[in-house]
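According to my numbering, the sequence shown is numbered sequentially starting from 54. Remarks on the structure that follows.
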Amino acid sequence: MAVQQPLLSITGISASYSHTIAALHNVSLEVRAGEIVALLGANGAGKSTTLKAVSNLLPAQRGKITGGSIHFDGHDVSTTSPSKLVRLGLVQVLEGRHCFRALSIEENLIVGGLGRSSSRSELAQDLERVYATFPRLKQKRRTAAGLTSGGEQQMAAIGRALMARPRLLILDEPSMGLAPLVVQDIFRRLKGLNQSDGLSILLAEQNSTIALRHADRAAILEVGVTVVEGTAADLRARDDIKAFYLGQAVTPAGSHTRAA
Ligand code: ATP
């Protein structure tokens, strides 16, 4: 049987900003079709830089890949424009959500579908699919995004990405600044899309507990280096990893709390 190529292959990449600040050193990671992969690590570990490298967004921030390679579905990412990558199905929700605050939730969603040359009826169908995933957005469809909650804005940012019909959805810190129940709800819906549509997902998270609960595999970055890689089930069970890299104190009963 032929071995299926990973949808995304990151092979030994190094990256720097402004020719001087080294942010990544030899990071490797794969996402196979249908997988959820989590990239974990503390503040400044290099998660966002890795995700921006994947979407070829580093040049816009005076950043550069200085070694290694990234391929999405056989395309060399470094020679493919970010907009072409979106059309190929690699769509990223950037850290901080970035909704158009003065536009309604529905207008924000429609913006996500404009890159594809879809007809009105296709756009309407895609909107209904997003509303089925996030019914809250349907309730708020006419509200200016700037007047909605952080959770609703995160849902709108994810919904906007879904409007581009991704095959690989990339999310940078989707939990950031949101209440635990909202985070749980968003992760459950992402898992639902993964299971029902086979949507592949790569996400960067500081909230390792929620990420490991929903991911198939994970990698941990520390100061720009991949220090651990494995199945999420293995990483969940490894107390040493939780204590060393993920900032979780391990109690004798085996329950975990976030270290101060
Ligand atoms: P966070 O959760 O804070 O976003 P992160 O794991 O995503 O952390 P990165 O944002 O990728 O980490 O940062 C990795 C390193 O690169 C850090 O040392 C950071 O200061 C540096 N860095 C990130 N963006 C830039 C930039 N635009 N210009 C210069 N240095 C940067």
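Glycine included, C-beta positions come from ideal geometry on N, C-alpha and C. Computed from a prediction, not measured in an experiment: that's the story for all the values here.
| query | result |
| --- | --- |
| Where Lys117 falls: helix, strand or coil (DSSP) | strand |
| Ranges of the beta strand (DSSP E) found wholly within the region 123-181, counting only runs of at least 3 | 143-146 |
| Length of the line joining the Cα atoms of Ser202 and Leu167 | 25 Å |
| Any non-hydrogen atom of the ligand SAM closer than 8 Å to Gly116 Cβ | This structure simply doesn't include the ligand SAM; it includes the ligand ATP instead. |
| heavy atom of the ligand ATP below 8 Å from Gly97 C-beta | yes |
| Residue environment, Ile293, which counts as buried when at least 16 other CB atoms sit within 10 Å | The amino acid occupying residue 293 in the given sequence is Asp; Ile does not appear at that position. Flag for Asp293 reads exposed. |
| Alpha carbon of Leu221 to alpha carbon of Thr119, nearest angstrom | 24 Å |
| Same chain, Cβ closer than 7 Å to Gly199, five either side skipped, listed in chain order | Arg154, Ala155 |
| Residues of its chain near Ala268, where Cβ-Cβ distance is below 7 Å and the 5 sequence neighbours each way are ignored | Ile89, Val90, Ala91, Ala285 |
| Local conformation of Val278 per DSSP, three classes | strand |
| Touch test, the region 140-147 against the region 185-199, Cβ-Cβ under 8 Å, three pairs minimum | no |
| When Asn96, His124, Ile223, Gln114 are compared against Val146, the one with the closest alpha-carbon | Ile223 |
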